[in-house]
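Colleague: In this note's numbering, each number is its position in the sequence shown, counted from 1, plus 25.
Dumping the structure here so I can ask a few things about it.
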Amino acid sequence: MTLALTRLRHQRLVGPGLESPSAVVRWLGAVQSQDYAGATWALALRCSGATSDSINAAFDAGRVLRTHVMRPTWHFVAPEDIRWLLSLTSPRVHAVNGFVYRSVELDEAMLRRTARLIRRALQGGQSRTRLELAAALEKGGVPASGLRLSYLVMHAELNALICSGPMRGKQHTYMLLEERVPPAPSLKRDEALAILAGRYFTSHGPASVHDFAWWSGLTVADARAGLEAVKSSLENVVVEGKTYWAAEPPRKSSRRKSGASDVNGMPVMHLLSNYDEHVVAYRDHGHTMDPEARETLHTRGNGALAVHLIARNGLVVGGWRRTIERTQATIATQLLAPLTAQEKKAMTAAAEEYGRFLNLPVTLATGRA
26 MTLALTRLRH QRLVGPGLES PSAVVRWLGA VQSQDYAGAT WALALRCSGA TSDSINAAFD
86 AGRVLRTHVM RPTWHFVAPE DIRWLLSLTS PRVHAVNGFV YRSVELDEAM LRRTARLIRR
146 ALQGGQSRTR LELAAALEKG GVPASGLRLS YLVMHAELNA LICSGPMRGK QHTYMLLEER
206 VPPAPSLKRD EALAILAGRY FTSHGPASVH DFAWWSGLTV ADARAGLEAV KSSLENVVVE
266 GKTYWAAEPP RKSSRRKSGA SDVNGMPVMH LLSNYDEHVV AYRDHGHTMD PEARETLHTR
326 GNGALAVHLI ARNGLVVGGW RRTIERTQAT IATQLLAPLT AQEKKAMTAA AEEYGRFLNL
386 PVTLATGRA
């Protein structure tokens, strides 16, 4: 079995779905989520019976949180994990952000001042949008717009001052983390590193130590230390001279919860979100791209793909775009490799699964890039 197919099982993209959106986030460790709608679909692909509405409800209730952690981008995290994850990974993100902090004149004195103003604006269980936080900062004498505002808010997230609050219509809000998330015991750094490594190689394996370093934002030395702490519970395989680590795959089932087929001799088609963990969580994408698609991208560039990704048996073979209206949704595909009749049928099933997620009928428009 290829690395891609094995990863599908570990990522819970085939086999039994997990019981809730928060269980998916805990299983994966963290889920990249700067595209909020795409990230909720990524959770649903791994979760039995999940819909857009049920995942949004879990998010609004704080059972899934969204914050800057690991790399300088948003991730979904579980409430019980947010503090130790931030403690482990935020120093590296701050270091990456250091040049921008200086360029927008955010020194330590200014950051302490903005933290006091943000706390004052949110205390008492209040939730505020980014623009409302900006207004509170401006009122307190701190200019806050554009890039400066983005990095002020990110700094507050990385320092565990704020995290996501409930949605207000289509707008995201922020709350004080201490008021949003119940207290949890702190972890020593080596304990946190071992937990994160164990989560990653269990849910994303087979993966290399460099894949783990990329995904976590930690140094390769830290990634090696984390792997060493959990190595006894993992298996390894050498492919093309590189060593990949993974835990035992989750128990097999004859059929997934719905939609795409399992991997027992049948094609598996997935409509993945643009930042799905199956693709973005690895430094080396060689085991994620179909050879024919890779050749097309090499000659045409990334513009050959639409926003989101189509995977066949775990390998990217094209892209897709969604148009969502009040009463229906349309999925337009751009394929970089031809599909068999069975694969087309499986892609139709994947589109129908997306329709169930949205609770809308879906029209599938296929084409070649």
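From the three backbone atoms N, C-alpha and C, an ideal C-beta is built for every residue, glycine too.
Would you tell me roughly how many angstroms separate the C-alpha atoms of residue 125 and residue 381, rounded to the nearest one?
Modeller: Counting from one through the sequence shown, the residue named residue 125 turns up at place 100. Counting from one through the sequence shown, the residue named residue 381 turns up at place 356. Those two C-alpha atoms are separated by around 42 Å.
Colleague: Hey, does residue 296 have any beta-carbon neighbour from chain C nearer than 8 Å?
Modeller: Looking at the structure shown, chain C is missing, and only one protein chain is on hand.
Colleague: Are the segment 203-211 and the segment 63-75 touching, with three or more C-beta to C-beta distances below 8 Å?
Modeller: Output reads no: the segment 63-75 does not touch the segment 203-211.
Colleague: Here's a check: name, in chain order, each residue in its chain whose Cβ is nearer than 6 Å to the Cβ of residue 83, leaving out the five neighbours to either side.
Modeller: Indexing the sequence shown from 1 puts residue 83 at position 58. Answer for residue 83: 46 and 89, listed in chain order.
Colleague: Excluding the 5 residues flanking residue 209 on each side, which residues of the same chain have their C-beta closer than 7 Å to its C-beta?
Modeller: Working through the sequence shown from its first residue, we reach residue 209 at position 184. 105 and 108, listed in sequence order.
Colleague: For the alpha helix (DSSP H) containing residue 178, name the first residue and the last one.
Modeller: One-based indexing of the sequence shown puts residue 178 at position 153. Its alpha helix (DSSP H) spans residues 171-183.
Colleague: In whole angstroms, what separates the C-alpha of residue 173 from that of residue 332?
Modeller: The count along the sequence shown starts at 1 and reaches residue 173 at position 148. The count along the sequence shown starts at 1 and reaches residue 332 at position 307. Each residue's Cα considered, the two are about 28 Å apart.
Colleague: Taking only three categories from DSSP, how would you classify residue 311?
Modeller: Taking the first residue of the sequence shown as position 1, residue 311 is located at position 286. Note: residue 311 maps to coil in three-state DSSP.
Colleague: Between 196, 198 and 243, which has its C-alpha nearest residue 215's C-alpha?
Modeller: Locating residue 215 in the sequence shown gives position 190, counting from the first residue. The residue with the shortest Cα to Cα distance from residue 215 is 243.
Colleague: Grab the span of the alpha helix (DSSP H) containing residue 341 for me, first residue to last.
Modeller: Reading the sequence shown from its first residue, position 316 is the one you call residue 341. Note, residue 341: premise wrong, no alpha helix (DSSP H); beta strand (DSSP E) at 340-349.
Colleague: What is the rounded straight-line gap between the Cα of residue 270 and the Cα of residue 308?
Modeller: Taking the first residue of the sequence shown as 1, we reach residue 270 at position 245. Taking the first residue of the sequence shown as 1, we reach residue 308 at position 283. In this structure, the straight-line span from the alpha carbon of residue 270 to that of residue 308 is close to 14 Å.
Colleague: Please report the distance separating the alpha-carbon of residue 281 from that of residue 377.
Modeller: Locating residue 281 in the sequence shown gives position 256, counting from the first residue. Locating residue 377 in the sequence shown gives position 352, counting from the first residue. Interpretation of residue 281 is limited by its pLDDT of 44, a score under 50 that renders its predicted location unreliable; the figure taken from the coordinates is listed afterwards. Between residue 281 and residue 377, the C-alpha separation is close to 14 Å.
Colleague: If you draw a straight line from the alpha carbon of residue 305 to that of residue 346, how long is it in whole angstroms?
Modeller: Here residue 305 refers to the residue found at position 280 of the sequence shown. Here residue 346 refers to the residue found at position 321 of the sequence shown. In this structure, the alpha-carbon of residue 305 lies about 18 Å from that of residue 346.
Colleague: Could you check how far apart the C-beta atoms of residue 386 and residue 337 are, in whole angstroms? I think they sit under 8 Å.
Modeller: Within the sequence shown, numbered from 1, the residue matching residue 386 stands at position 361. Within the sequence shown, numbered from 1, the residue matching residue 337 stands at position 312. The Cβ separation is near 24 Å, so there is no contact.
Colleague: Measuring straight from C-alpha to C-alpha, what distance separates residue 79 and residue 265?
Modeller: For the purposes of this step, residue 79 is taken as residue 54 along the sequence shown, with counting starting at 1. For the purposes of this step, residue 265 is taken as residue 240 along the sequence shown, with counting starting at 1. Approximately 42 Å, taken between the alpha carbons.
Colleague: Grab the span of the beta strand (DSSP E) containing residue 93 for me, first residue to last.
Modeller: One-based indexing of the sequence shown puts residue 93 at position 68. Note, residue 93: beta strand (DSSP E), 90-93.
Colleague: Please report the straight-line C-alpha distance between residue 388 and residue 296, rounded to a whole angstrom.
Modeller: Within the sequence shown, numbered from 1, the residue matching residue 388 stands at position 363. Within the sequence shown, numbered from 1, the residue matching residue 296 stands at position 271. Computed Cα separation, rounded: 14 Å.
Colleague: Roughly how many angstroms lie between the CA atoms of residue 225 and residue 257, to the nearest whole one?
Modeller: Residue 225 sits at position 200 when you count from the first residue of the sequence shown. Residue 257 sits at position 232 when you count from the first residue of the sequence shown. Their backbone Cα atoms lie some 15 Å apart in a straight line.
Colleague: Got a sec? Which residues, its chain only, sit under 6 Å from residue 279 by beta carbon, not counting five neighbours each side?
Modeller: The residue you call residue 279 lines up with position 254 of the sequence shown. Per-residue confidence for residue 279 stands at a pLDDT of 36, beneath the threshold of 50, marking its modelled position as unreliable; no derived number is given.
Colleague: Quick check on DSSP: helix, strand or coil for residue 48?
Modeller: Residue numbering aside, residue 48 sits at position 23 when the sequence shown is read from its first letter. Of the three classes helix, strand and coil, the one that applies to residue 48 here is helix, per DSSP.
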